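In the numbering used here, the protein residues as written are 44 to 381.
Note that the Cβ used here is the ideal one computed from N, Cα and C, for glycine as well.
Treat the numbers as computed from the prediction; the structure is a model and nothing was measured.
The structure appears below as C-alpha cells.
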Amino acid sequence: IPDPSVATFVEALRRGVAAAHRLGLTGIHDPGHPSVLAALQVLRAGGELGLRALVHIPTEGLRAAAELGLRSGLGDEVLRIGGVKLFADGALGPQTAHMLAPYEGTRDAVGIPTHSAAELAALLRRSHEAGLSVAVHAIGDAANRAVLDAIEQAAAVPGGPRPALPDRIEHVQLLHPDDLPRLAQLGVLASMQPIHATSDMAMAERHWGRRCDLSYAWKSVLESSAHLAFGSDCPVETLNPLAGIHAAVTRRRADGSPGPEGWIPAQRLTVEEALGAYTLGAAHASGEEHLKGSLTPGKLADLVVLSQDIFEIEPMEIAETHVEMTVFDGRCVFLRED
C-alpha cells in the first residue's frame, strides 16, 4: 500500500487539529513521518496549523538528517525538530516486549529485541554525534535496561556532544528495580501514557505476574527525581488527556474497575502531579519550559477552560469532565456549544 500523499496528510491534519482543540490540546509530539512534517509546514505556511508540534525523525532518516545538519530543537515555538525515533522491542500483548525473565506460564519466552545491544549503542552514538536526542520505544524491563545502557555508553564518550533536548524512553511500561534510579542519573525523560495501565492491567498481570509492582510506575518514577511527561499514544489509545489524568489519579477504568483503590494503588498520582506531567513535563521534553507548560506571565497564551474543577471534584468524576473552551496563542480555537 503506497504512503498517502502530502495533500492527504494535510486534509487529515485539518480534521485532527480540530479534534485536538475539542479535547483541549494545543500541542503534540509526533513520532515522525516525512509526509507529516511536510504537511505540518503546509498548514503553518497557510496560517492553519493551530497547534505546536515537536516532530521526531524516523530511524531510517538519521543519516539524511545528520548530513543536512538538522539538530534537536531546530525550529520555533510552533514547529520544531525532536529526536530520532527508535524501537527497542515489541509490545506486551503478543509477548514481543523484551524481558529479563520469561513471561508467566512460559519456559523461555522473553520477547524480541529490535536491535542488538551493539546496534542500539551505535544508533545512540550516531544520533548524539549529529546533535540529535533519541526517543526510544521500550516496553519490557530488558528493553528499558538496554536503552539505559546505550544512553550511558553514549554519555561516557569523552567530550561527546550533548543534544539540546533530553533523551526519552517512550512507554517505560516495566522497569527492573535496579534500573529505576538510572533515569534520573542519566537525565532520561520517561514519556508515558497513563491510559495504558488501565487498558492493559489484566493482560499485564497475566504476562508479568508480580513484576507488575513496577509497571506503569509513575509515582516511583517521580519519586526517583526523573522527569515524567504524559501523552496519549494516539491512535492506539484515546487522544483525550482528561481520560489520561483520570487513569493516572485513580488507576481505575471509567466503569470503576478493578475497585475503589485502583490497580497497584501505590503508583497513583495526585491531580497536580498528573496535570504537571501533561503540561510542564511535556514542555521539558521539547525544551520549552520557558515558553509553555504553566499559566505564567510571559509564557504563550495556550490554555483550556474545563467544565469542572478537577482539583476539587471526586477523582472518578474527572472522566466526566469536558472542555468548554480552548485558547491557542491568545485566540479561542474551540468553544463548546450545548
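For residue i, which residues from the same chain have a beta carbon less than 8 Å from its beta carbon, with the 5 sequence-adjacent residues on both sides left out?
| i | result |
| --- | --- |
| A134 | A140 and I182 |
| W306 | A240, T241, M244, R294 and R295 |
Just mark residue i as buried or exposed, buried being the case when its beta carbon has 16 or more other beta carbons within 10 Å.
| i | result |
| --- | --- |
| I356 | exposed |
| F52 | buried |
| T369 | buried |
| P237 | buried |
| F354 | exposed |
Note down the Cα distance separating residue i from residue j, rounded to an integer number of angstroms.
| i | j | result |
| --- | --- | --- |
| L346 | P224 | 33 Å |
| D352 | G319 | 15 Å |
| E360 | G67 | 17 Å |
| T69 | G302 | 33 Å |
| E332 | S258 | 28 Å |
| K128 | H76 | 10 Å |
| L83 | R253 | 44 Å |
| L122 | D298 | 38 Å |
| N283 | S275 | 7 Å |
| T313 | A227 | 21 Å |
Alpha helix (DSSP H) containing residue i: first to last residue?
| i | result |
| --- | --- |
| M235 | Careful: M235 lies outside any alpha helix (DSSP H), inside the beta strand (DSSP E) at L232 to M235. |
| L323 | L323 to A328 |
| K262 | W261 to E266 |
Once the 5 residues before and after residue i are set aside, which same chain residues still bring their CB inside 6 Å of it?
| i | result |
| --- | --- |
| H365 | S350 |
| G336 | T322, L323 and A326 |
| I288 | A317 and I361 |
| A108 | I100 |
| A164 | A193 and Q196 |
| V190 | A131, V179, A181 and I212 |
Would you give the residue range spanned by the beta strand (DSSP E) that residue i belongs to?
| i | result |
| --- | --- |
| H72 | G70 to D73 |
| H180 | V177 to A181 |
| P209 | Premise fails: P209 is in no beta strand (DSSP E) and is neither H nor E. |
Within 8 Å: the Cβ of residue i and any heavy atom of the ligand ZN?
| i | result |
| --- | --- |
| G330 | This structure lacks the ligand ZN; in fact it carries no ligand of any kind. |
Less than 7 Å between C-beta atoms, sequence neighbours within five positions excluded: which residues of the same chain meet that for residue i?
| i | result |
| --- | --- |
| H219 | L143, D184 and R188 |
Task: Sufficient close CB pairs (3 or more, under 8 Å) joining the segment 271-289 to the segment 167-176 - done: no
TODO: Report yes or no: do three or more beta-carbon pairs, one from the segment 231-243 and one from the segment 206-214, lie closer than 8 Å?
DONE: yes
- [ ] Determine contact between the segment 87-98 and the segment 117-137, defined as no fewer than three beta-carbon pairs at a distance below 8 Å.
- [x] yes
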